[in-house]
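J.: Using UniProt numbering, the first residue of the sequence shown is number 1, and each one after it goes up by one.
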Amino acid sequence: MEEFVRNAWSTADVGDTDAFGYWSDAICEAFVGVSVRPSADVHFEGRVDHAVLDGIGFTVVSSFAQQVARTRRMIARDHEDFVLANIQIEGQAQVRQNGRVTALSAGAMAFVDSSRPYSLSFSGAFSQLVVKVPRSLLPRRSLPESTAVELSATGPGRLVTDFLLGLNRQQSLNPKAAAALVPHAVALLDSALDWTAGETPTNASAAALTRERVHRFVRRHVHDPYLDAAAVAAGCGLSKRTLFRALAADGESLTALIRRLRVARAQQILRAAPGRPLTVVAHECGFGGEAQLHRAFKAVTGITPGTYRSGGSGVG
């Protein structure tokens, strides 16, 4: 099931006295709960173009100088965790998280983890593309080494930023075609996380290529209740040994991957169709029944499908 949502917010739609309050609400709606304040007491303008494509957020933010911060109190109010890839299009930004500070100029990218405090500082007019990915789609046990680390516009990270910028343009023209490329975007971000953590691009890319092939096949066939190692290995042109080794290098088993992606699909369905019976959701996600959905959902997210649908809190 493909999910596509598009929204736009602009301070031009409200009066000057309401502009910044409106802007703060728009930023929180598009991303996660943060505090936003202007860097100077001058006329303020800003625009947010936000889209959600198959569960991945693509948001272009264009505005003036400002400070953005996410605090522990704000984190405690959220029940889902995200990895945010900040790609600088114009202007400059400063990113702080996990004791590091990095500066971004046009073409550069840095990650932030929504489960930890961070801040962004913009000294003047700027434009950024922010790609928002649920943490469940990037199966990493730890992100501290990867956040607030610059991937420059002249290094291998440029391949990732160019792809994501192109995909963002494509989603506004042809969402269905863009949706088919989303698994590639997630795999490229996975590689970029390796690079920011200090792994070599050559080794990370080779491993990521195999993982991406496996993840893409599982995602496409996750609704099949009979999906198993033999089917995945055959569909990806791999031996079972190579399949297991590729996933083990990322700290995840095939069983855990299938469960996680089925739960991620269930989350998408519950958001898009909150009235759909859980037995139907279970069938559409490849689970044997509602009880199996319930067990897997709680194991992955820490809450039940019913609690998630009603907006309850959990680990996300």
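All residues carry an ideal CB built from backbone N, CA and C; glycine is no exception.
Looking only at C-alpha atoms, which of R216, E252, R70 and S24 sits nearest to G235?
T.: Sequence index remark: in the sequence shown, residue 235 carries index 235 (1-based). The residue with the shortest Cα to Cα distance from G235 is R216.
J.: What number of angstroms, rounded off, separates the C-alpha of V112 from the C-alpha of G286?
T.: Numbered from 1 along the sequence shown, position 112 holds the residue referred to as residue 112. Numbered from 1 along the sequence shown, position 286 holds the residue referred to as residue 286. Rounded to whole angstroms, V112 to G286 spans 32 Å at the Cα level.
J.: Tell me which same chain residues have a C-beta within less than 7 Å of the C-beta of E232, skipping the five on either side of it?
T.: In the sequence shown, residue 232 corresponds to position 232, counting from 1. Correcting the residue identity first, residue 232 is Val in this sequence and not Glu. V214, F217, V218, L243 and L254.
J.: With DSSP as the reference, identify every bridge partner of M109, one or two as the case may be.
T.: Your numbering for residue 109 matches position 109 in the sequence shown. DSSP output for M109 lists I87 and L151 as bridge partner(s).
J.: Tell me whether D54 sits in a helix, a strand or coil according to DSSP, three-state version.
T.: Here the question's residue 54 lines up with position 54 in the sequence shown. D54 falls in the coil class under three-state DSSP.
J.: In whole angstroms, what separates the C-alpha of A256 from that of D224?
T.: Sequence index remark: in the sequence shown, residue 256 carries index 256 (1-based). Sequence index remark: in the sequence shown, residue 224 carries index 224 (1-based). Taking the straight line joining both Cα atoms gives about 15 Å.
J.: At what residues does the alpha helix (DSSP H) containing L129 begin and finish?
T.: The residue given as residue 129 occupies position 129 in the sequence shown. Note, L129: premise wrong, no alpha helix (DSSP H); beta strand (DSSP E) at F126 to P134.
J.: CA-CA distance, L53 and R259?
T.: For the purposes of this step, residue 53 is taken as residue 53 along the sequence shown, with counting starting at 1. For the purposes of this step, residue 259 is taken as residue 259 along the sequence shown, with counting starting at 1. Looking at the two C-alpha atoms, the distance is approximately 21 Å.
J.: If you draw a straight line from the C-alpha of residue 319 to the C-alpha of V281, how long is it?
T.: Beyond the ends of the chain as shown, which are 1 and 316, falls residue 319; an answer cannot be given.
J.: How many Å lie between Y226 and A296 at the Cα?
T.: For this step, residue 226 is matched to residue 226 along the sequence shown. For this step, residue 296 is matched to residue 296 along the sequence shown. Those two C-alpha atoms are separated by around 16 Å.
J.: Assign T102 to one of three DSSP states: helix, strand, or coil.
T.: The count along the sequence shown starts at 1 and reaches residue 102 at position 102. In the structure shown, T102 sits in a strand (DSSP, three-state: E or B).
J.: Can the beta-carbon of G151 be found closer than 9 Å to that of A197?
T.: Counting from one through the sequence shown, the residue named residue 151 turns up at place 151. Counting from one through the sequence shown, the residue named residue 197 turns up at place 197. For clarity, residue 151 is Leu in the given sequence; the question names Gly instead. Contact: no.
J.: Closest by CA to L181, which one among L193, G21 and F163?
T.: Working through the sequence shown from its first residue, we reach residue 181 at position 181. Considering only alpha carbons, the answer is F163.
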